[in-house]
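Here the protein sequences come in this chain order: A and B.
Take any residue in the first sequence, note its place counting from 1, add 1398, and you have its number in this note's numbering.
Take any residue in the second sequence, note its place counting from 1, add 1398, and you have its number in this note's numbering.
The next block holds one structure in the form of structure tokens; read it before the comments.
Protein chains: 2
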Amino acid sequence: MPRRRITQTDVAAMAGVSQATVSFVLNGSTPAGVRISEETRQRVLDAIRITGYTANPAAQRLAGGLAQILGVFTYEATFPRASRDFYGPFLTGIEHAAERLGVDILLFTSAPVADGRRRLTREGWQRLGVADGCLLLGQHEHRGELQHLLDTNYPFVFIGKRGSDGGRLPYVGADYVGGTVRQIDRLVAHGHRRIGYVGLRGTDQPTLDRVEGYRTAMKTHGLTTRFVELEDVAATADEILDQRFTAVVVAPENHPEELADELERRGRSVPGDVSVLLLGQPHHPRRGGRDWSGFSVPREEMGARALYLLSRLVADDEPRRDRDGRRPAAVTDAELHQVLVCPDVAGATVAAAAPGPDAP
Amino acid sequence: MPRRRITQTDVAAMAGVSQATVSFVLNGSTPAGVRISEETRQRVLDAIRITGYTANPAAQRLAGGLAQILGVFTYEATFPRASRDFYGPFLTGIEHAAERLGVDILLFTSAPVADGRRRLTREGWQRLGVADGCLLLGQHEHRGELQHLLDTNYPFVFIGKRGSDGGRLPYVGADYVGGTVRQIDRLVAHGHRRIGYVGLRGTDQPTLDRVEGYRTAMKTHGLTTRFVELEDVAATADEILDQRFTAVVVAPENHPEELADELERRGRSVPGDVSVLLLGQPHHPRRGGRDWSGFSVPREEMGARALYLLSRLVADDEPRRDRDGRRPAAVTDAELHQVLVCPDVAGATVAAAAPGPDAP
DNA sequence: TCAATCAGATGATGCGCATTATTAGCAACC
DNA sequence: GGTTGCTAATAATGCGCATCATCTGATTGA
């Protein structure tokens, strides 16, 4: 086992060439009129094989190359793991993809927290530089920081749809709209007509998309949209009964478990009297919690797809060719904004509508 | 927003000093006979504050400094989060500690897998270098690789006790011995006398420790140790009844859930007829699974403590002082090998022994 | 008065790599 | 025979930082 690390210079010496030649061979060469004969190339490759040379990522990065390190930054105040039920799956997907890509993952756990959200400023900028590109997680992004990333042409990909910014931000999101539409379809197929939307107004993308999906689907079926502002769970339960809903859709962050409890406390059964569909997975799966019907967000896949996309963007940035001298195909606009299907979850909180006043 | 990154040279220019001076100020200076006046120091610090300068980790690392990056390597074939019930909590703890320390975490997801376990060789060595030190996870470490780490004096810490290697390997483990002893104590306190150990023979540390704990405790109480080799769950259930055990202890990887099912299928209740104590948490918590009694492994804390220890080791390696000119205290032997208490879990699978032939 | 000491800093160097500019050798052409 | 053109490579440079060796000017000691 060698004491000192093996460098390109060592390899060069063994192959009887210059360090530069080794670098060219490793990078598929040909930046400008540089040519390496096939024979020399082979000699270098042999030397690399024999010595077991591997590039020092720090040096690569410093010299303006790629380090095969991709970063993960989050805007949440505490690193995603803490809210592990929600963020864990993203990271699992990211790690799987990283293994496939042969890339290391750098978690920016050091970024300072200000105003309850993590910032990229100051400390952040430089640290980002160790990674070839970065995945961005969490709702509360900071516009100025994003602008800087765009300005400096630093490759990044959002996890979660970003509609706000006219197509400049690459992202991999989930199709909350489509998922919600299908839930309404489902309810209608079960004979429901009075279907309420329970939730908080919000400007976050998932909420906007759920509302849009609800609106669209209700309109399609010629039904009236009815929103119930969630303030107090008990009050909301009363309202649901007052309005004689036979079904409601609700986002997972809006305490569906407690809501169902309240309904049952009022002598109604879920789904016997009221069907409840969840627009996403439960955030904090309770021991012995209900088996919710609704749709699920493909979080692992989102993580993985985001990393793949990021790696493509990084490759695009680097004007380097593969060994056939061709550049990989450029990233298309379609790739830049991916929205993944949210599969339906059968569950046990949906049933046929009780025949009510609106029944035929 | 500056286009080009701010370097020490920029800061130096602003403060009217040389780049070297800036570096000295940042590192608490004084490598050899170098002195910086308080006034100059302040000027440099001001310039840093104004420019918002931050060190480029790649450059720091290349120049032999610290990058404030700590690595996580695993010997498992797939990266830990994938088997997230077991490994997830370690990473949670690690991330929390990283936030506290202001350090980024590098996951070595790129390390190649050979023979079903991940290796550090070739690819690995150089990549490790980006991090100031590294946490090691998983059972199947490779001796040669460890030796190399020791030889090159690369700072690392194992998560999980490492007894095999006479105190040369730093680790943060869990006290399986003590935890197991207490479970036996618990059973004895409940009047149990015929207490079996169900499990597979294994040479992994946790298994060795559980067996040791069982042996010790049984001896202390003057009871006979009885091991049931787990081959087939059904056969094991039969054996438990044959031997008229009133209680068994079992490791979580040995299918406790199925075992209890088998017992109940035979008309025995858990814990009514047979108490079952789990020596650790369930590996794959089942929906609606039993509420196991036993002990839990403080995995998050292990992760966090391991990272703290690693950071101390790294600091120790670097002959650098803090701003008062003192070196932090060296790592003691006690710190080098930490074993954390495994708290008891009350649970619902333990009850008083049914009066049997051994009863008074 | 001249050497010795010391505070306070700076210049130069190298870490390992990517990349640009340059060179050496040789065949072809006028 | 000199110039052009081409292939095949190398020398040199810089990325940003840590660090070693060195330098300057002031103060002290004899």
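We put the beta carbon where it would ideally sit given N, CA and C, even for glycine.
Taking 7 Å as the Cβ-Cβ cut-off, the segment 1498-1518 of chain A approaches chain B at 1500, 1501, 1502, 1503, 1504, 1505, 1506, 1507, 1508, given in chain order. In this model, residue 1518 (chain B) and residue 1402 (chain B) are separated by some 36 Å (Cα to Cα). Collapsing the DSSP output to three states places residue 1692 (chain B) in a strand. If you compare the alpha carbons of A:1559, A:1443, A:1539, A:1663 with that of residue 1513 (chain A), the shortest gap goes to A:1539.
Sequence-ordered contacts of the segment 1631-1663 of chain A with chain B are nonexistent [C-beta pairs closer than 9 Å]. In this structure residue 1496 (chain B) does not touch residue 1707 (chain B) by the C-beta definition: roughly 13 Å separates them, more than the 8 Å allowed.
When C-beta distances to chain B are compared with 9 Å, every residue of the segment 1727-1752 of chain A stays at or above that value. Scanning chain B for C-beta atoms nearer than 8 Å to the C-beta of residue 1403 (chain A) yields 1523, 1524, 1527, reported in chain order. Counting along the chain, the unbroken alpha helix (DSSP H) around residue 1489 (chain B) starts and ends at 1482-1499. Straight-line spacing of the CA atoms in residue 1418 (chain A) and residue 1515 (chain A) works out to 45 Å.
Of the candidates B:1433, B:1574, B:1435, B:1669, B:1669 places its Cα closest to the Cα of residue 1746 (chain B). In this structure, the straight-line span from the alpha carbon of residue 1742 (chain A) to that of residue 1651 (chain A) is close to 18 Å. Distances from the alpha-carbon of residue 1506 (chain A) to those of B:1508, B:1510, B:1500 put B:1500 closest. Residue 1489 (chain A) has a beta carbon lying within less than 8 Å of a beta carbon in chain B.
Contact of residue 1625 (chain A) with chain B by beta-carbon distance below 7 Å is absent, the smallest such distance being about 33 Å.
When the Cα atoms are used, residue 1688 (chain B) and residue 1655 (chain A) turn out to be separated by approximately 22 Å. Its Cα nearest to that of residue 1509 (chain A), the residue A:1534 stands out among A:1534, A:1665, A:1420, A:1647.
Judged by DSSP secondary structure, residue 1415 (chain A) falls outside any alpha helix (DSSP H); it is assigned neither H nor E.
By the C-beta density criterion, residue 1607 (chain A) is buried, having at least 16 other C-beta atoms within 10 angstroms. In this structure, residue 1712 (chain B) places its C-beta atom within 8 Å of the C-beta atom of residue 1531 (chain B). Residue 1422 (chain A) is classed as buried because its beta carbon has at least 16 other beta carbons within 10 Å across all chains shown. Taking residue 1558 (chain B) as reference, the option from B:1738, B:1409, B:1412 with the minimal CA-CA separation is B:1738. The three-state reading of DSSP puts residue 1472 (chain A) in strand, counting E and B together. Look at residue 1539 (chain B): its C-beta is not under 8 Å from any C-beta on chain A. When the five nearest sequence neighbours on each side are left out, the beta carbons in the same chain lying within less than 6 Å of the beta carbon of residue 1494 (chain B) are those of 1702, in order along the chain.
The contact set of residue 1460 (chain A) on chain B, defined by CB atoms closer than 8 Å, consists of 1454, 1456, 1457, 1460 in chain order.
For residue 1706 (chain B), the uninterrupted alpha helix (DSSP H) segment begins and ends at 1697-1715. For residue 1575 (chain A) and residue 1463 (chain A), the gap between their C-alpha atoms comes out near 40 Å. Residue 1748 (chain B) and residue 1613 (chain B) have their alpha carbons spaced roughly 20 Å apart. Shown here, residue 1736 (chain A) sits in a strand according to DSSP, grouped into three states. For residue 1478 (chain A) and residue 1435 (chain B), the gap between their C-alpha atoms comes out near 44 Å. Rounded to whole angstroms, residue 1504 (chain B) and residue 1552 (chain B) show a C-alpha spacing of 16 Å. Residues of the same chain with a CB within less than 7 Å of the CB of residue 1750 (chain B), apart from the 5 flanking positions on each side, are 1588, 1589 in chain order. Non-local beta-carbon contacts of residue 1679 (chain B) in its own chain, meaning distances under 7 Å to residues more than five positions away in sequence, involve 1650, 1694, 1695 in chain order. Beyond the five residues adjoining it in sequence on each side, residue 1415 (chain A) comes within less than 8 Å, by CB distance, of 1438, 1441, 1442 in the same chain, given in chain order. Within the same chain, and ignoring the five residues on either side of residue 1536 (chain B) in sequence, the residues whose Cβ sits closer than 7 Å to its Cβ are 1472, 1473, 1474.
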